[in-house]
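Respectively, the protein sequence lines represent chains R and C.
FYI, in my numbering the residues of the first sequence are 1 to 200.
FYI, in my numbering the residues of the second sequence are 1001 to 1381.
We treat Cβ as the ideally placed atom computed from N, Cα and C, and that holds for glycine.
Each remark here refers to the structure printed beneath this line.
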Amino acid sequence: MNNTKVSSVKSPRYEIRIAGAGGQGIILAGIMLAEAGIVQDLYVAQSQSYGPETRGGNSISEVVLSNTEIDFPQSTELDMLIALTQVACDRNLPDMKEDGLVIVDSEAVQRVLWDKSLSIPFGEIARKVGEERAINVAALGSLVPFCPLIDRQALVKAIANRLPSAKLEANLQAFDKALNFARRLKGRLKSAGTTEEFEI
Amino acid sequence: MKKAVRKQVLLQGNEACVEGALMAGCRFYAGYPITPATEIMEIMARKMPGASGVFIQMEDEIASLGAVIGASLAGSKSMTATSGPGFSLMQEHIGYASMAEVPCVIVDVMRAGPSTGLPTQPSQSDVMQSRWGTHGDHPIIVLAPSSVYEFFELTVQAFNLSERYRTPVILLVDELVAHMREGVILPTRDSLEIEDRPHPTVPPEWYIPYADPGTGVPAMPAFGEGYRYHVTGLYHDVRGYPTVRTDEVEPLIHRLFNKISKDYDRLQWFDAFATEDAKITIIAYGCVARAALRAVQQAREKGLKVGLINLKILWPFMRRTISGILENSAKVLVPELNIGQISREVKRINQSRCEVLTLNKVDGTPIKPAEILRTLEEVYS
């Protein structure tokens, strides 16, 4: 078949991991994020890891986004970790890139042993919009101000493609609330990733 | 994968497999659900009726492959998908399909075994089972994709090969490739080359079911077309009836092997990356080849002359290709998610020309690029 020569140096890739418990919609969140990447015509790879049980247990979903073809489809050093349980936060910190960002659910995660981190009340936001299960979509909202490759519109489109229309409005409310929350907190982070401004 | 005018879609490996099967003309699926292969069955259940095909959930994996063989004899391109425990149950029928020369495609999304093992985590520990799982001397073709697109592509090829040679073809896939999602641009049906089993050119009354037309692959009508013949797992004569005559038994088993081995030079499917001047060449397949690709690029940036061969066909083992690698490299590294299955085969054909190193991981997690890079740095001299 083909014999490729070594060409370019390291491809710029952005690695995001969403971690939580089985049943929280972690994998669906990863799929929607990857589909947002497709909307923006990026190269994407999404993978997951979970135990044999359907509820509970640790669940992670990863998305690698890149402008060039992706060689290894899983994370090597995380640019961003979104953790929805304390165990998820503790277990995944060793996989972080040195200046990576950790975003946690403030209700579920009390202790974050990482400097560059944000705490956002995803659970509270989801309850406020009347859709407790919107916690995963809220989590996606929080990454928009920080991920240089994904914009809000692409993500909204991807979410709309995957969710039943009856649930969409509440989910998008949760999404935007978390997004605004994250944007406000962004100023407090010293070395946040992007300078791009987003229309809300 | 090229970016083109056609828009890419996000597909899971198992979804891509179904797309490939349908495009190749598969119209019969029988199976029994099992993690991590279940999505293939779920999507088949949804799509088969719309494609004028048949989907059946069977009582177990033994019956599943039995139904697949029956449907194939009746003229449908047929497949099933399973994982380790179900693959074990299918072994007897794989031998039957091999002996009776019934085209069929079996997907084994591997989990770590033995027994029910680790259902949700990646492994490559069925390599030897896919070769020798069923008893007796028999030829087999086993393909191993390393990306979502390749899972699509090799599924199409699995059907082509099974039709061309009238043999069972196994797609051996790890959980990572089966469950991950990547953006792919699927080709159109018209742009694909689709092969069908050779059909008899003679009328039914002249038909001799297992006569060798010179290619080693007898013509195969569908049951119900008017061609009557006997199908058995026993050694049989050219008319399909059981025989113990030495002058019929030996030619049959030789023909079964030769129909595939005569084409070994066509069955060297691999991707080579930076192998021309490589002092160390990695031989990998499945998700491990993806980790190796990154490790090789990182090693090259550090000035290490290393390369990668990504195997697409595991069996028949690509002796010709691998021999060339062993002659031209000082060392070969075989990373695998098992205790050393393909490395065993590499060592077998090596004949001390080259140092064969292994990197085996069996803790249920994939091999990471950093682990391969570390090994390369340790052994590079």
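For C/Leu1143, not one C-beta of chain R is nearer than 8 Å to its own C-beta. Shown in chain order are the members of the region 61-85 of chain R whose Cβ falls below 8 Å from a Cβ of chain C: Glu69, Ile70, Asp71, Phe72, Pro73, Gln74 and Thr76. Nearest CB-CB separation between R/Pro12 and chain C: not below the 8 Å threshold. One thing to note: C/Arg1197 has its Cβ no nearer than 8 Å to the Cβ of C/Met1023.
Fully enclosed alpha helix (DSSP H) runs of no fewer than 4 residues occupy 1148-1165 and 1175-1179 of the region 1128-1191 of chain C, in order along the chain. Relative to the Cα of C/Leu1172, the nearest Cα in the group C/Glu1092, C/Ser1083 and C/Ser1191 belongs to C/Ser1083. Residues of chain R with a Cβ closer than 7 Å to the Cβ of C/Met1180 are, in chain order, Ala45, Gln46, Ser47 and Pro73. When the five nearest sequence neighbours on each side are left out, the beta carbons in the same chain lying within less than 6 Å of the beta carbon of R/Gly25 are those of Asn136, in order along the chain.
Under the criterion of beta carbons closer than 8 Å, C/Val1102 and C/Leu1073 qualify as touching, at roughly 6 Å.
For the region 29-109 of chain R, the continuous beta strand (DSSP E) assignments of 3+ residues that do not extend past its boundaries occur at 43-50, 58-66, 78-83 and 96-105, in sequence order. In the structure shown, C/His1236 falls within a strand segment according to DSSP collapsed to helix, strand and coil. Around the Cβ of C/Ile1309, a 10 Å sphere holds 16 or more other Cβ atoms; the residue is buried.
Within 8 Å of the CB of R/Glu35, the CB atoms of chain C belong to Leu1010, in sequence order along the chain.
Here C/Tyr1264 is exposed: its Cβ has fewer than 16 other Cβ atoms, across all protein chains shown, within 10 Å. For the options C/Cys1354, C/Ala1299, C/Tyr1285 and C/Lys1331, the alpha carbon positioned closest to that of C/Gln1341 is the one of C/Tyr1285. Beta-bridge partners of C/Val1054 (DSSP): C/Phe1028. Remark: fewer than three beta-carbon pairs, one from each stretch, lie closer than 8 Å, so the region 39-58 of chain R and the region 163-182 of chain R are not flagged as touching. Partner residues in the beta bridge of C/Asn1360, as assigned by DSSP, are C/Glu1336. Your pair C/Arg1166 and C/Val1217 checks out as a contact, with CB atoms roughly 5 Å apart and the cut at 8 Å.
In this structure, C/Thr1080 sits away from C/Ile1043, with a CB-CB distance that is not shorter than 8 Å.
C/Asn1310 is bridged by DSSP to C/Asp1271 and C/Ala1284. Separation of C/Asp1237 and C/Pro1204 (C-alpha to C-alpha, rounded to the nearest whole angstrom) is 18 Å. Contact annotation: the region 147-156 of chain R touches the region 28-38 of chain R, with at least three C-beta pairs closer than 8 Å.
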